[in-house]
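2 protein chains.
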Amino acid sequence: MRIVLDGMGGDNAPRETVKGAVEAAEVINDEICIVGKRELIEEELKRNNFKGNNIIIVNADEVITMEDSPVKAIRRKPDSSMVVGLNLLKEKRGDVIVSGGNTGALVVGSRMILGRIEGIDRPVLASIYPCLGKPASLLVDAGASSEAKAQNLLEYGLMGSIYMEKVLGRKNPRVGLVNLGVEESKGTSVTKDAYKRLQQASINFVGNVEAREVPNGACEVIVCDGFVGNVILKLTEGMAWSILRLLKNKLMETIKAKVAGLMIKGQLTSMKAEFDYNEYGGAPILGVNGPVIKIHGSSNHDAVKNAIIKSIPYARENVVDIIRKSMLDTEENIEEDEEDNF
Amino acid sequence: MRIVLDGMGGDNAPRETVKGAVEAAEVINDEICIVGKRELIEEELKRNNFKGNNIIIVNADEVITMEDSPVKAIRRKPDSSMVVGLNLLKEKRGDVIVSGGNTGALVVGSRMILGRIEGIDRPVLASIYPCLGKPASLLVDAGASSEAKAQNLLEYGLMGSIYMEKVLGRKNPRVGLVNLGVEESKGTSVTKDAYKRLQQASINFVGNVEAREVPNGACEVIVCDGFVGNVILKLTEGMAWSILRLLKNKLMETIKAKVAGLMIKGQLTSMKAEFDYNEYGGAPILGVNGPVIKIHGSSNHDAVKNAIIKSIPYARENVVDIIRKSMLDTEENIEEDEEDNF
Numbered sequence: 272m273r274i275v276l277d278g279m280g281g282d283n284a285p286r287e288t289v290k291g292a293v294e295a296a297e298v299i300n301d302e303i304c305i306v307g308k309r310e311l312i313e314e315e316l317k318r319n320n321f322k323g324n325n326i327i328i329v330n331a332d333e334v335i336t337m338e339d340s341p342v343k344a345i346r347r348k349p350d351s352s353m354v355v356g357l358n359l360l361k362e363k364r365g366d367v368i369v370s371g372g373n374t375g376a377l378v379v380g381s382r383m384i385l386g387r388i389e390g391i392d393r394p395v396l397a398s399i400y401p402c403l404g405k406p407a408s409l410l411v412d413a414g415a416s417s418e419a420k421a422q423n424l425l426e427y428g429l430m431g432s433i434y435m436e437k438v439l440g441r442k443n444p445r446v447g448l449v450n451l452g453v454e455e456s457k458g459t460s461v462t463k464d465a466y467k468r469l470q471q472a473s474i475n476f477v478g479n480v481e482a483r484e485v486p487n488g489a490c491e492v493i494v495c496d497g498f499v500g501n502v503i504l505k506l507t508e509g510m511a512w513s514i515l516r517l518l519k520n521k522l523m524e525t526i527k528a529k530v531a532g533l534m535i536k537g538q539l540t541s542m543k544a545e546f547d548y549n550e551y552g553g554a555p556i557l558g559v560n561g562p563v564i565k566i567h568g569s570s571n572h573d574a575v576k577n578a579i580i581k582s583i584p585y586a587r588e589n590v591v592d593i594i595r596k597s598m599l600d601t602e603e604n605i606e607e608d609e610e611d612n613f
Numbered sequence: 272m273r274i275v276l277d278g279m280g281g282d283n284a285p286r287e288t289v290k291g292a293v294e295a296a297e298v299i300n301d302e303i304c305i306v307g308k309r310e311l312i313e314e315e316l317k318r319n320n321f322k323g324n325n326i327i328i329v330n331a332d333e334v335i336t337m338e339d340s341p342v343k344a345i346r347r348k349p350d351s352s353m354v355v356g357l358n359l360l361k362e363k364r365g366d367v368i369v370s371g372g373n374t375g376a377l378v379v380g381s382r383m384i385l386g387r388i389e390g391i392d393r394p395v396l397a398s399i400y401p402c403l404g405k406p407a408s409l410l411v412d413a414g415a416s417s418e419a420k421a422q423n424l425l426e427y428g429l430m431g432s433i434y435m436e437k438v439l440g441r442k443n444p445r446v447g448l449v450n451l452g453v454e455e456s457k458g459t460s461v462t463k464d465a466y467k468r469l470q471q472a473s474i475n476f477v478g479n480v481e482a483r484e485v486p487n488g489a490c491e492v493i494v495c496d497g498f499v500g501n502v503i504l505k506l507t508e509g510m511a512w513s514i515l516r517l518l519k520n521k522l523m524e525t526i527k528a529k530v531a532g533l534m535i536k537g538q539l540t541s542m543k544a545e546f547d548y549n550e551y552g553g554a555p556i557l558g559v560n561g562p563v564i565k566i567h568g569s570s571n572h573d574a575v576k577n578a579i580i581k582s583i584p585y586a587r588e589n590v591v592d593i594i595r596k597s598m599l600d601t602e603e604n605i606e607e608d609e610e611d612n613f
């Protein structure tokens, strides 16, 4: 297996990307291919005292920045670490790519260079969603496209379910559609149509889920359009910090409260840790012809290391082929259904 | 001033509605008109030992239930407490109405019986949004219509701003549009168009607001479509309970943590109280020809009492007239702008 790492993607690249790669290389047998400015990467490998033989470098002189417009960047920077990395995947010289670079560019680049999986209308960015005191869920769409058709929502459910099962090891994951209420009749014309399609698919569809139940892990695959997905992810983060800040202020109110605060320091730290989902190893772009993992632009070496290690099952389990096959099955089902109507 | 109370609306009506009315009647000089089954209401007034003279009863033999379909209920139950109450407003025999009944029916009934304010395309349900450690914001649309046009979002911002200023006493309230990012170019074609319209309106528009900043009080009037509004309200509630439950579990982990938990009992109770927004007195339906206040179906007498008291400024401040005038001004502005283009 060869894991491609966008060495220049992210706020702290290549320092943190290379350090993370070195740490990952020590615990895996697979090869890591860092793409980026050769001199800078060699310097970082030296600084980290790397002595192994499972890291190689592929040179790329350009860098796509966070400010670059996605489509233009992919077209006009053919020698950027992201584009070179995606081409390695396309040419089967790499099995999976991990990047902390410009999210829009990575989504667009994956679609333009790797292409969509046959039968998939729209590739999508998924995101790990932390559920308090429970295993994390997967949210699809995490903000790749602000609007969605019913067919897109069906695809999100199918692909999310496959990813959860094959890569994160959840058997028969519960797929839910974010909606105004649990009744089938609730929502917009799009969600009503999506409900019917998801119900007919070969997945464990648990129906509509209200936003209230999302943090509670009511479904393991959270299906919604990118606008709603963005609101869910950001509001969850905002609420977590608002409540923890409020708690912190309350614990400063009196001397007694301060003492109590010290007594539960360990518990408070472990509460904060519930929101840290680096251990899950980044967010997959689903629906393109190759496994692509997006990590935060602010990822440190730990997050990079984790993402590299966790990317292996994404490549190994042939998720792309399984999605392709699943889409063909779904199309056959729909055709059969349509025939039944005559 | 005469405040109309839907005596039969809500899960605990008429017990809690009448008790709340009696408690309110003791502290205000205005008249409360309870609409509903006369015998039941008289019985409750007796049970509460009411001796005052500022409660009157208007009989209504039917009740709209939570299960009733909104449009059908308004049309087919002309003698329901809700329809009779709304008609009192229409006939100027009441100045404001408070109801804990079927939300959909109240929105539809307000529109059908009172009519839309001239210039308003779509009346809307607003909701108080609790900001932790800060004064609450107002969210519009709280779920009346799942989709919205740019013009609707403009109306939500204008009406929300007027309500915040005139009824809740906030000077020049900050109005924000929920969006994927703060840049003007972010979002869907609808939010981009709404941004421009809100920017031209005579309100304190602070631009796009990310969901992360909403619990933090980044804007005092939160503008979004009803689907997103529903997600924001319910996710906020779900996150609050999830985190408080997690904290509770953490405080049971060890004996030391249990002791600390007892030491901060007061602080924990006051944290929970941050989520109680009954003190703000219910949610207004904005854009109809009369002040209508929706309270939770599960409201107890305290919530009813509060809503009655807080409904007085809504009626007194002529919010309906101010909205009408503001819409006329906006239309004049738009016409002038269009003329400028030639």
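Sequences listed follow chains A and B, in order. Converting from the first sequence to this note's numbering requires adding 271 to each position, the first position being numbered 1. Converting from the second sequence to this note's numbering requires adding 271 to each position, the first position being numbered 1. For every residue, glycine included, the Cβ atom is placed at its ideal position computed from N, Cα and C.
Residue i versus residue j: straight-line alpha-carbon distance, rounded
| i | j | result |
| --- | --- | --- |
| A/Gly281 | A/Ser408 | 25 Å |
| A/Asn520 | A/Ile399 | 29 Å |
| A/Ala284 | A/Lys363 | 25 Å |
| B/Lys565 | B/Leu451 | 30 Å |
| B/Asp496 | B/Arg393 | 12 Å |
| A/Ile368 | A/Gly386 | 15 Å |
| B/Gly428 | B/Asn300 | 33 Å |
| B/Pro562 | A/Lys420 | 38 Å |
| A/Val590 | A/Asp332 | 31 Å |
| A/Val461 | A/Glu302 | 44 Å |
| A/Ile593 | A/Ala511 | 36 Å |
| A/Ser416 | B/Thr459 | 9 Å |
| A/Glu484 | B/Val530 | 31 Å |
| A/Ile474 | A/Lys596 | 14 Å |
| A/Gln538 | A/Ile580 | 29 Å |
Start-to-end residues for the alpha helix (DSSP H) that takes in residue i
| i | result |
| --- | --- |
| B/Pro341 | Pro341 to Arg347 |
| A/Asp573 | His572 to Arg587 |
| B/Asn560 | Unbroken run through B/Asn560: none, as it is neither H nor E. |
| A/Leu504 | Gly497 to Lys521 |
| A/Arg286 | Arg286 to Ala296 |
| B/Ile274 | Careful: B/Ile274 lies outside any alpha helix (DSSP H), inside the beta strand (DSSP E) at Arg273 to Asp277. |
| A/Tyr466 | Ser460 to Gln471 |
| B/Ser352 | Ser352 to Lys361 |
Best match in the options for proximity to residue i [C-alpha to C-alpha]
| i | options | result |
| --- | --- | --- |
| A/Val306 | A/Glu287, A/Pro555, A/Ile327 and A/Ala296 | A/Ile327 |
| B/Ser569 | B/Gly371, B/Lys343, B/Leu506 and B/Asp277 | B/Gly371 |
| B/Ala489 | B/Val530, B/Pro444 and B/Thr601 | B/Pro444 |
| A/Leu360 | A/Arg273, A/Lys308, A/Asn487 and A/Leu448 | A/Arg273 |
| A/Ser340 | A/Thr374, A/Glu314 and A/Asn571 | A/Thr374 |
| B/Asn358 | B/Asn560, B/Leu599, B/Pro584 and B/Tyr585 | B/Asn560 |
| A/Phe476 | A/Pro401, A/Thr540, A/Ile493 and A/Val342 | A/Ile493 |
| A/Gln422 | A/Gly404, A/Leu448, A/Cys402 and A/Pro401 | A/Leu448 |
Any non-hydrogen atom of the ligand MN closer than 6 Å to residue i Cβ
| i | result |
| --- | --- |
| B/Ile556 | This structure simply doesn't include the ligand MN, nor any ligand for that matter. |
Sequence-distant residues of the same chain with beta carbon closer than 7 Å to residue i, five excluded per side
| i | result |
| --- | --- |
| B/Ala397 | Leu409, Leu410, Val411, Ala413, Gly431, Tyr434, Ala554, Pro555 and Leu557 |
| A/Lys576 | Gly291, Glu294 and Ala295 |
| A/Phe613 | Confidence in A/Phe613 is poor, its pLDDT being 39 and thus under 50, which makes the residue's placement too unreliable to answer from. |
| A/Met353 | Asp277, Gly280, Ile335, Ser370, Gly372, Ala376, Leu377 and Gly380 |
| B/Gly500 | Leu410, Asp412, Ala413 and Gly414 |
| A/Ile345 | Val354, Ala376, Val379, Gly380 and Met383 |
| A/Val614 | Residue 614 of chain A falls outside the range modelled here, since chain A spans only 272 to 613, and no answer is possible. |
| A/Arg286 | Glu315 |
| A/Glu588 | Lys437 and Val438 |
Own chain, CB closer than 6 Å to residue i, minus 5 neighbours either side, in chain order
| i | result |
| --- | --- |
| A/Val298 | none |
Span of the beta strand (DSSP E), counted from its first residue to its last, around residue i
| i | result |
| --- | --- |
| A/Glu314 | Taken as a continuous stretch (DSSP letters only), A/Glu314 belongs to no beta strand (DSSP E), being part of the alpha helix (DSSP H) at Arg309 to Arg318. |
| A/Val492 | Val492 to Val494 |
| B/Val329 | Ile326 to Asn330 |
| B/Leu409 | Ser408 to Val411 |
| B/Ile384 | Unbroken run through B/Ile384: none, as it is neither H nor E. |
8 Å CB neighbourhood of residue i in its chain, flanking five on each side removed
| i | result |
| --- | --- |
| A/Lys543 | Leu515 |
| A/Arg441 | Pro406, Met435 and Glu491 |
| A/Leu425 | Ala465, Arg468, Leu469, Ala472 and Thr601 |
| B/Glu545 | Pro401, Leu403 and Gly404 |
Determine contact between the stretch 516-534 of chain A and the stretch 549-569 of chain A, defined as no fewer than three beta-carbon pairs at a distance below 8 Å.
no
Could you say if the stretch 478-494 of chain A and the stretch 454-464 of chain B meet the contact criterion of at least three C-beta pairs nearer than 8 Å?
no
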